[in-house]
Structure formats: C-alpha cells, structure tokens
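Number of protein chains: 2
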Amino acid sequence: MSRKLIKYNLMIPGPTPIPTRILAAMNHDMIGHRGPLFSAVMKEVMEDLKWAYETKNDIFIYPSSGTGGMEVAVVNTLSPGDKVIVLNIGNFGSRFAKICKAYEADVNDVKFERGRPADPKVLEAELKKGPVKAVLLQQNETSTGVLNDVETLARTVRKLQPDALIIVDAVSGMMAAPLKTDEWDLDVVVSGSQKAFMVPPGVAAVSISARAWKAYETSKCPKHYWDFGLMKEQAPKGHTYTTPPESLIFGMAEGLKMLKEEGRENVHARHKANRDIVRAACKALGLKLLADDAHASPAVTAIFPPEGVDGEEVRKLMRDDFNVEVAPGQSELKGKIFRIGHLGYVDSLDLIGALAAIEVLFKRLGAKINFGNGVRAAMELL
Amino acid sequence: MSRKLIKYNLMIPGPTPIPTRILAAMNHDMIGHRGPLFSAVMKEVMEDLKWAYETKNDIFIYPSSGTGGMEVAVVNTLSPGDKVIVLNIGNFGSRFAKICKAYEADVNDVKFERGRPADPKVLEAELKKGPVKAVLLQQNETSTGVLNDVETLARTVRKLQPDALIIVDAVSGMMAAPLKTDEWDLDVVVSGSQKAFMVPPGVAAVSISARAWKAYETSKCPKHYWDFGLMKEQAPKGHTYTTPPESLIFGMAEGLKMLKEEGRENVHARHKANRDIVRAACKALGLKLLADDAHASPAVTAIFPPEGVDGEEVRKLMRDDFNVEVAPGQSELKGKIFRIGHLGYVDSLDLIGALAAIEVLFKRLGAKINFGNGVRAAMELL
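So the protein lines, in turn, are chains A and B. According to my numbering, the stretch in the first sequence is residues 5 to 386, in order. According to my numbering, the stretch in the second sequence is residues 5 to 386, in order.
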C-alpha cells in the first residue's frame, strides 16, 4: 500500500472504542468521593446497572478489571474445600478454575471442546454425582466467541441442586446478549466497564442475590479489599469502601444513559447484527469459524485464517498495513485463530472496513479466498 | 452570603484536582492493551515510577485503589501465622493491621497516639522481643497528617533484624515527601495515582525488592488477581496480567512527565510550602493542630475546629457556603477534627482562598478566632 492510513481501528473484544459523549463525561474535575455530589452519581450508576442486569439484587462496584470481579465472586461466597463445578469452555473458564483453586476450593473443572458451549446434559450428569456449593460459568467466552445458554444451564442447576450458587462471569456478554439475572435466578453476576458499557477498563460490578448473601455469612476465604461486608456499609450511601475510580464512574453514568436511550432490545439487536455481518463475510470468503451459528457470540468472533497463514501473522499485518487491531488466539488457540471484537461502540460500517482489510490482506498473502465476496455478503445484510 | 460562588474547590488528601494536561492526556482513544502502542506507554510509566520511587526494583501496576496496593504487598510476601509488626499511627495503620489479620498473619498492632509518628525506640523494643517476618508502616498517615521518619525506622529494622521485610504504604506520601526506596532498603512500597501524581483514582503501583521476591517464593497467602508471579511474566512486555485501566495509565504517563519537568526537589518544596502556609494560618487564627511541627505532613493537615464547633459541621458548611470540600476526621477522630489536603495539583493561592473561607466561616459561627490573621500569616509566607 502506498497510501498510509492514519486512523486506528480497535477491533478487539474490549476495551472497545469510547464514544465522545463518554470521553466528555470523563473529562471531569475530581470531586469529594464522600460528598453528596459524587454519592448522587454513584447511586445513579448502581441503579442503572440494576436495569442492565435486570435485577433487584445489590450491585457493588470495585476499582478493578473484570478478573478482579471474578475473584470478588469467589472469595465472598466460597470456603476452602468447597466443591464447585466450573463449566470451562475457554480461557476465562480456566481462569475461574484457577481462582477457585487459588482459594483452595475443590474444583471439578469440566472442560468442553474449544468453540463449543457448555452442554446442559453434561452439567446434569456432573450435578448428579453429589452436592456442590457453586457452579461457575461464562455468559460469553471471550477467548472462543461462544455464548453459553445461561438460562438452560441455570435451570439445570435449580432442578437438581436448588441451593447451589450460580456464579456468572458476564464481563464480555453483559448487554451484548440477554441476561436476566432475577428471572434466571443467578446469584453473582460480574461485569466490566470496558465491554458493552463502552467505558475504559478499571471498573468491575457484581450483583449479589439473597442466596449469595447467605453464602457470604459462612464463607471462610480470606478477604479484605473485595469483602462484601465492608462494601455493604458504604453502598447505600453511594460510597465504596476504598476510593472509587471517579473518572470511570462518570463514564459509566454516561455509558448506561446511552444504553438506556438506545433501549435494551436495540442494543442486543445491534450486537447480533454485528455478529451476523462478520460471520456472513467470513463464510463468503471461505474462512472457517470456531463457533457454530447456534452458539456464536454477539460480542466477538474467532476466525481461522486461510491454510498456511498464522493467526499471529494476521494480527501483525492487520496492524502494520491497515492500523486495525484484532485480537489473538489465547492459550491452546494461540496462532491458530484470530478474533474480531464487535461489541460496545462498534457498528456495521466499522466492521465492513475491517473486513475489507482482511480480504485485501489475505489476497496479498496469496491465500485462496473468494476476493470481494466477503464485503459483498456483509453489505447484503446492511 | 448573598453572592453564590460557582467554583468547586477540592481540598481533600486525594483525589486531588487534575491538571488539564492530564485530563487531555486521558481524553484518548482506547488502543490494544496487548499491542506495541500501549506497551510503550506502560514501559514509560514503569520507568518513570522508578524515578519517583528512587529505585531499581521492579514496579508492578494494578487496576485498584491504594488499599488494593496494600493488600498486594501483604498477600505476596506473607503466610498465615507470620509474625508482623504494624506501626499504627492512624486509620491506615489500622487498615494494614486489618489486612494482615484477614490473611491470618500474627499481628503485633503497635498503636501510637493519634497525631504522633511511630517512635523508633518503641520499634526497637518490639523488634528485640523476637524475629518478625515484616514491619509495615505508612510513610504519611492520611488520617492524622503525620509524616513518619521512614529512614530512621527502616534503619532500626535493618540494625536489629536485617532480613525482616519493610513494607511501606506511601500512597499519600509518594512525591509529597522524600522516599528513597533503594537507599533506605525498603522492600515493598505502595503508591496510588490520585495523590501527588495528580491522576484520578484507580491505579496502584508497588515496588518489589530482591528480599520481597525471596519472600514471595515461600508466601502461602492465597492470591490470584494480586499475584506477583502472574504479573512477572507480563511486566517486561509492558503488559499487565489483566486488562489495564488505559485512560488512567495515559494520565500517569503525563503526570509523571509533569513531575519530572518540575524536578523532584521542587515538588517536595512545593508540598512543604503548602503545609507551612496552612499551619501558619491556623496558628495565627488560634486553631490547634493535631500533628506537631516536627512531624507535620506535607500532604494533609488535621485541624481542630474552635471550641464548640464540630468537625462534621465545618465540613458541611464549607461545602454549602463556599463550595470547598474538606476531609472529615476518621474513626476515633470523626467530628473532632477536619482535614485540608494540600498535595498534588494544589498551590498556595488555592490554599489562601480556602483559608479565607475557613476564617469567614468561623467568624459567622461566632467562634473566638483572630479574624484576618490567618490569611495574613499565610501571605507572609508567599
């Protein structure tokens, strides 16, 4: 390419690009975090998060990445020796297992083939082996681009072990796909600012059901920073136990306002449309996708490069030649796939630009693809 | 007051006001946090933090408030049952003790009178009672406005127990007062973005000496999110284990650049001058200060209101009548004192404005003060 592109295109599954409305909201003076001005913002964010979660449960906010939120869920509800099932469909499933093991839970790490969702029948069989304290799962597995059927999995737990905790990492899935915290009776649900909320990373939120509060009372995992008990005194005042990340909280307030203006169903439909465009283009090009249509994530798509092309090379060339940042394969998938994020502040035209870059790149590499067909297929869906 | 003031004045010991240069730096698109652009920023921040810390030790960065950084220090170096001494001169000393107890360390919680620093002779006597794994202390105790003599305390530890870890919470003291990590042989030093770095809250940094790395090898506290081992693989690449709070990292890069331009000695002198102005004004007004001159903090000053006036009332009226946010007394000092923060992006003229408000407020309340003398004394020091 002789002409240099000057714009940077972020196409990873979080952080997502940030709308200028949110950047502007964050471009805010600091105010006293124990004073009434900040309290009001914090209470608004907690209320709007309840809207996003579809819950009446408490929601606490931590200065943390999403992984910290996963740890919050574990250390506040479990005790060493507790039997738990981790439905492990990818890298973040493995992370849940690692966190539980770090806190000495007795982990049944139930692994599914990468690219497949957790199978309710397998869960049923595992639950029949004996009582567990909790079942932990991802709503959306970022590393494989697979959406779990949380509703059916949760119903399976409630049918066989009504008192078991259901702990859901919804960091990359929240607002990209439906998640009905109360209707599905989910006990702890974790989200992060840098995904569909369209805010920079640094805020994690967790919801806590009555069942989770009961588990907290007997939980023996050591904790301080993440301790629900220390937050419980502060949250009703619109405070946090430690100093809140104010600028990100201002961003969350604006991001949630934008999502409410757009409407829940529209937000879900937008993510679904993004997913369909990426998948249609890849299929028309002749590229293989890791997830099948029935379980494909509305937040991120994992794509096999054409034969003979390494996923890491795709990532490097997309960056060097087109200023497009795509995500790598993680763990056992490193080099085998690359991923395109299409959640948050990303829309179909952004995706068509990125898909054009992919087509041109593979053509340059001499890969056998149906040049032109990818973008064309995407356009048919606009 | 018939005229309404329209500007908000933040006079708490963190978060501090944010310079527009830093706000502008934070007003930045998100970029791939595992790509070369972000790596370069992260490496720059880690290098500049070494300058701030005066250290060659590793420095790791976490998405967290300062308290999270304190927990990082504890869980990576200690094991349940370890004997530790906490030099407790205020609320954050108590917090260190609570964190150590949460992780089942055997805590010798050595309390000093509020308003006094830790006495090296008392430390010496405690160290003579038997070996400890670590001594934990604040460089600057935010709740009382007292600066510890970290150099002498550290030398006392090294003289009697050369292998004990010295863990310093420098969250509110870093860059407000000298802290020579390597020269004083400090093992883990914790700082936070929202203090003298002039960045919004949400980033904690910790330095790790060779002695601390050795302690990490045998540490048995459960951990995942805070785990040095998981960060060690990522830091040399300019990455973090989990997703970094990008906008705050852009802010840290700019804040550190500003501090380097100003020069370390000038930064320290500025904080000292702020302290002297506040203290001179309060004394001239006839107000009692919690800390004596020899140990007064350059970051925050704790002030007793005039007889018959409650500290919380001062806080409320300063806010309602003058748009000035001052900090409350914490724990046993609640209502008894109020605090003025003078660290970070605050200068002497800001303080004179706030001191004027205090004088007028106390006059309105009918308190016996030497009206006019406070600001006048401050002006003499300009």
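Beta carbons: idealized from backbone N, C-alpha and C, even for Gly.
Own chain partners of residue i with C-beta closer than 7 Å, once the 5 adjacent residues on each side are dropped
i      : result
B:A101 : V90, N92, V111, D113
A:P249 : P67, G206, V207
A:R38  : H243
For residue j and residue i, believed in contact at Cβ under 8 Å, the rounded distance
i      : j      : result
B:V76  : B:V210 : 5 Å
A:L169 : A:A219 : 6 Å
A:M30  : B:S251 : 7 Å
B:A214 : B:D189 : Rounded, the Cβ-Cβ distance is 10 Å, inconsistent with contact.
B:M46  : B:I253 : 6 Å
B:N270 : B:P302 : No, B:N270 and B:P302 are not in contact; Cβ-Cβ is about 13 Å, not under 8 Å.
A:V330 : A:I344 : 6 Å
B:P332 : B:R323 : No, B:P332 and B:R323 are not in contact; Cβ-Cβ is about 11 Å, not under 8 Å.
B:V154 : B:L131 : Rounded, the Cβ-Cβ distance is 16 Å, inconsistent with contact.
A:I212 : A:V194 : Contact doesn't hold; Cβ gap of about 11 Å is too wide.
Residue i vs residue j beta-carbon contact at 8 Å
i      : j      : result
A:A208 : A:Y66  : yes
A:N152 : A:Q334 : no
B:I16  : B:Y349 : no
A:G160 : A:L127 : The residue asked about is misnamed: residue 160 of chain A is Thr in this sequence, not Gly. The answer is yes: Cβ separation under 8 Å.
A:F64  : A:M178 : no
B:E108 : A:P84  : no
A:P121 : A:H299 : yes
A:T71  : A:S223 : no
B:D314 : B:L365 : no
B:V379 : B:L353 : no
B:G119 : B:A361 : no
A:D280 : A:L140 : no
A:A239 : A:M50  : yes
A:S176 : A:V304 : yes
B:A181 : B:H272 : yes
A:N327 : A:N13  : yes
A:I26  : A:G259 : yes
CB contact check: residue i to chain B, cutoff 8 Å
i      : result
A:T71  : yes
A:L14  : yes
A:E258 : no
A:H228 : yes
A:V323 : What sits at residue 323 of chain A in the sequence shown is Arg, not Val. Yes - at least one Cβ of chain B is within 8 Å of the one on A:R323.
A:A220 : The sequence shown places Tyr at residue 220 of chain A, rather than the Ala named in the question. Answer no: the Cβ-Cβ gap between A:Y220 and chain B never drops below 8 Å.
A:S251 : yes
A:P21  : yes
A:P17  : no
A:T185 : no
Limits of the alpha helix (DSSP H) - the one that residue i falls within
i      : result
A:I89  : Here A:I89 belongs to no alpha helix (DSSP H); instead the beta strand (DSSP E) covers 87–92.
B:P289 : A small fix is needed here, since residue 289 of chain B is Leu in this sequence, not Pro. Per DSSP, B:L289 belongs to the alpha helix (DSSP H) from 268–289.
B:V379 : 377–384
B:A361 : 352–368
A:G315 : 315–326
B:S147 : Run containing B:S147: none; DSSP gives neither H nor E here.
B:F42  : 40–57
B:R159 : 154–164
B:V78  : 70–81
Spatial neighbours of residue i in its chain, beta-carbon cut-off 8 Å, leaving aside the 5 residues before and after
i      : result
B:K241 : S43
B:L1   : This structure cannot settle anything about residue 1 of chain B, because the visible part of chain B is limited to 5 through 386.
Below-8 Å beta-carbon distance, residue i vs any chain A residue
i      : result
B:R327 : For the record, residue 327 of chain B in the displayed sequence is Asn; it is not Arg. No, because no Cβ of chain A sits closer than 8 Å to the Cβ of B:N327.
B:S68  : yes
B:G206 : yes
B:A200 : no
B:K8   : no
B:A101 : no
B:N31  : yes
B:E145 : no
B:G36  : yes
B:I26  : no
B:G39  : yes
Close beta carbons around residue i, own chain, < 6 Å, minus the five adjacent residues each side
i      : result
A:E48  : A257
B:A381 : A284, A285, A288
A:K367 : F375
B:G290 : I373, N374
Bounding residues of the beta strand (DSSP E) (the contiguous stretch that carries residue i)
i      : result
B:Y245 : It is not in any beta strand (DSSP E) - B:Y245 carries neither H nor E in the DSSP assignment.
A:V194 : 192–196
A:L140 : 138–142
A:S98  : First-last for A:S98: 95–106, but that is the alpha helix (DSSP H), not the beta strand (DSSP E).
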